[in-house]
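K.L.:
Before anything else, here's the structure in question.
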Amino acid sequence: MARAKLIFISGGVRSGKSAYAESLVRDFSAQRKIYLASGRAGDPEMTERIERHRKDREMDGWHTIEQPVRMEEVLPYILKKDAVLWDCVTTWLANELYEGWERNEMCSEIPGCMEQKWIQLQDTLLKLLDTAEFLTVVSNEVLDDFVRDDLYMRWLGRIHIWLVKQADQAFEMENGMAFRRK
Amino acid sequence: MHIIFGGAFNGKRQYVKERLAGMDVSWHEGRLPETENGNGFIVIAGLELWVKEQLGRGVNEERILVQVKKAVAEMQQDHFWVLTDMNRGIVPATALEREMRDVIGRLYQYLFAQAEQITRIWYGIPQTIKGADQNENLHKNRR
């Protein structure tokens, strides 16, 4: 069986990357549209915003799966002929890297912890590509700045390079324009 | 003179290493090369660290630019500059970083003007943004 098509999309805040990713999934006309959301509400405004977006998508026929950490848990819900949108890598990485902070056991401080999660994520994404028909991954452009969080930025660069290598197409979004780089 | 430009951790050094694999290379990380009259290629990477060090020691922008110009003028062989894009973020909170950003921005403008070829790296993917042809037709430069 052929592997699903993978499209990587990255851009700045409000660059139109999510809207573009959604339009790609819509145009793919799969049997189901799955929205994999990594966002986690930190305050009431965020809770309200997430809920509003989920309802908007539901009206539009999307199934939303909220999965802030442990992506492998979504695999049982993914079916053949699904088109999946994952939004987004930066949020997932922050969730996983700083997981355990409230117990003073942050993953970023434990040797090999993030490496293990990264191996797990790669495995999950490859399995997802073997099941679904289409996957688009959304991320942010945050590396064109001073290095403020070396570990986070190093991981993000590494993940993006891998995703771009795996992708059939890769786009950089700027102000609603999609620049195809692969 | 060839510039490799892009955000942090985008694979710029990896690109240079692959391009110059098996060649005679003298690699300068966070410093300018001394006068060299050897063969092979020169790579200058981490220029921002050198700039930071200079500013920290009280060397002003003018003096920094003079040193960079001198280095460019003196290099006889092919040279690659690995430059990190740091100027698309929010305004830094510390005065030193704000100054660094200004100096780096103007320094890069000088180096970009000098370079025969500039390659932007986006997560490992190279794109020629200068030196492909006269009109810098970006849409044709994906390779």
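Top line first, the protein sequences correspond to chains A and B. Numbering follows the numbering used here, in which position 127 of the first sequence is assigned residue number 595; successive positions increment by one, without gaps. Numbering follows the numbering used here, in which position 79 of the second sequence is assigned residue number 64; successive positions increment by one, without gaps. The C-beta atom is built at its ideal place from N, Cα and C for all residues, glycine as well.
In angstroms with no decimal places, state the Cα-to-Cα distance between L130 (chain B) and L17 (chain B).
P.N.:
This structure cannot settle anything about residue 130 (chain B), because the visible part of chain B is limited to -14 through 128.
K.L.:
Is it right to say Y95 (chain B) is buried, meaning 16 or more other beta carbons lie within 10 angstroms of its own, or is it exposed?
P.N.:
By one-based count along the second sequence, residue 95 (chain B) stands at place 110. When all chains shown are included, Y95 (chain B) counts as exposed.
K.L.:
I'd like to know whether the C-beta of I(-12) (chain B) is nearer than 8 angstroms to at least one C-beta of chain A.
P.N.:
Here residue -12 (chain B) refers to the residue found at position 3 of the second sequence. Chain A contact via Cβ: absent.
K.L.:
What does L624 (chain A) touch in chain B if you count any residue whose Cβ is under 8 angstroms from its own?
P.N.:
Along the first sequence, read from residue 1 onward, the residue named residue 624 (chain A) stands at position 156. Here the neighbours are F(-6).
K.L.:
Does the segment 518 to 532 of chain A come close enough to the segment 558 to 565 of chain A that 3 or more CB-CB pairs lie under 8 angstroms?
P.N.:
Taking 8 angstroms as the limit for Cβ pairs, the verdict is that the segment 518 to 532 of chain A does not touch the segment 558 to 565 of chain A.
K.L.:
Within this structure, are the beta carbons of L611 (chain A) and N(-5) (chain B) separated by less than 8 angstroms?
P.N.:
The count along the first sequence starts at 1 and reaches residue 611 (chain A) at position 143. The count along the second sequence starts at 1 and reaches residue -5 (chain B) at position 10. A contact, by the Cβ cut-off of 8 angstroms.
K.L.:
Could you say which of A:M582, A:T599 and A:K595 lies nearest to I627 (chain A) if we only look at CA atoms?
P.N.:
Locating residue 627 (chain A) in the first sequence gives position 159, counting from the first residue. Among A:M582, A:T599 and A:K595, the Cα nearest to that of I627 (chain A) is on A:M582.
K.L.:
Near K585 (chain A), which residues of its chain fall below 6 angstroms by C-beta distance, leaving aside the five closest residues on each side in sequence?
P.N.:
For the purposes of this step, residue 585 (chain A) is identified with residue 117 of the first sequence, where counting begins at 1. Same-chain partners within the cutoff: E564.
K.L.:
Output yes if chain B places a C-beta closer than 8 angstroms to the C-beta of H628 (chain A); else output no.
P.N.:
Within the first sequence, the letter at position 160 stands for residue 628 (chain A). H628 (chain A) counts as touching chain B.
K.L.:
Using the beta-carbon count (16 or more within 10 Å), is G23 (chain B) buried or exposed?
P.N.:
By one-based count along the second sequence, residue 23 (chain B) stands at place 38. With fewer than 16 other Cβ atoms within 10 Å, it is exposed.
K.L.:
Rounded C-beta distance between V28 (chain B) and V67 (chain B)? I'm assuming under 8 angstroms.
P.N.:
The sequence position of residue 28 (chain B) within the second sequence is 43, counting from 1. The sequence position of residue 67 (chain B) within the second sequence is 82, counting from 1. Correct: roughly 7 angstroms between the Cβ atoms.
K.L.:
Please name the residues in the segment 70 to 96 of chain B whose beta-carbon is closer than 9 angstroms to at least one beta-carbon of chain A, in chain order.
P.N.:
Answer set for the segment 70 to 96 of chain B: D70, M71, N72, R73, G74, I75, P77, E82, M85 and R86.
K.L.:
Name the chain A residues that come within less than 9 angstroms of G15 (chain B), Cβ to Cβ?
P.N.:
Your numbering for residue 15 (chain B) matches position 30 in the second sequence. By Cβ distance, chain A contributes nothing, its closest Cβ being about 13 angstroms from G15 (chain B), past 9 angstroms.
K.L.:
According to DSSP, is G7 (chain B) part of a helix, a strand, or is it coil?
P.N.:
One-based indexing of the second sequence puts residue 7 (chain B) at position 22. G7 (chain B) falls in the coil class under three-state DSSP.
K.L.:
Does DSSP put S506 (chain A) in a helix, in a strand, or in coil?
P.N.:
By one-based count along the first sequence, residue 506 (chain A) stands at place 38. S506 (chain A): coil per DSSP, three-state reduction.
K.L.:
Excluding the five sequence neighbours on either side, which residues of its own chain have a C-beta within less than 8 angstroms of the C-beta of I546 (chain A), listed in chain order?
P.N.:
Here the question's residue 546 (chain A) lines up with position 78 in the first sequence. Closer than 8 angstroms at Cβ, skipping near neighbours: I502, V552, L596, T599 and A600.
K.L.:
If you reduce the DSSP assignment to three classes, tell me which class N608 (chain A) lands in.
P.N.:
By one-based count along the first sequence, residue 608 (chain A) stands at place 140. Residue state, collapsed to three classes: strand.
K.L.:
Among B:A(-7), B:G(-8) and B:K2, which one has its Cα closest to the Cα of F65 (chain B)?
P.N.:
Mapped onto the second sequence, residue 65 (chain B) falls at position 80. Checked all of B:A(-7), B:G(-8) and B:K2; the closest Cα to F65 (chain B) is B:K2.
K.L.:
Can Q637 (chain A) and K650 (chain A) be called in contact, C-beta distance under 8 angstroms?
P.N.:
Taking the first residue of the first sequence as 1, we reach residue 637 (chain A) at position 169. Taking the first residue of the first sequence as 1, we reach residue 650 (chain A) at position 182. The answer is yes: Cβ separation under 8 angstroms.
K.L.:
Which ranges does the alpha helix (DSSP H) cover as unbroken runs of at least 4 residues, wholly within the segment 510 to 572 of chain A, from first to last along the chain?
P.N.:
Fully enclosed alpha helix (DSSP H) runs of 4 or longer: 512 to 527 and 557 to 565.
K.L.:
Could you tell me the boundaries of the beta strand (DSSP E) in which S478 (chain A) lies?
P.N.:
Taking the first sequence and counting its residues from 1, one reaches residue 478 (chain A) at position 10. Run containing S478 (chain A): K473 to G479, per the beta strand (DSSP E) assignment.
K.L.:
Give the secondary structure of E33 (chain B) by DSSP, where H, G and I count as helix, E and B as strand, and everything else as coil.
P.N.:
Taking the first residue of the second sequence as 1, we reach residue 33 (chain B) at position 48. Of the three classes helix, strand and coil, the one that applies to E33 (chain B) here is helix, per DSSP.
K.L.:
Per DSSP, G484 (chain A) is paired with what?
P.N.:
Locating residue 484 (chain A) in the first sequence gives position 16, counting from the first residue. Bridge partners of G484 (chain A): none, in fact.
K.L.:
For K549 (chain A), count the other beta carbons within 10 Å of its own beta carbon; 16 or more makes it buried, fewer makes it exposed. Which is it?
P.N.:
Within the first sequence, numbered from 1, the residue matching residue 549 (chain A) stands at position 81. By the neighbour-count rule (16 or more Cβ atoms within 10 Å), K549 (chain A) is not buried but exposed.
K.L.:
Checking 8 angstroms against the spacing of the C-beta atoms, do I89 (chain B) and E14 (chain B) come in under that value?
P.N.:
Residue 89 (chain B) sits at position 104 when you count from the first residue of the second sequence. Residue 14 (chain B) sits at position 29 when you count from the first residue of the second sequence. Contact flag unset, no.
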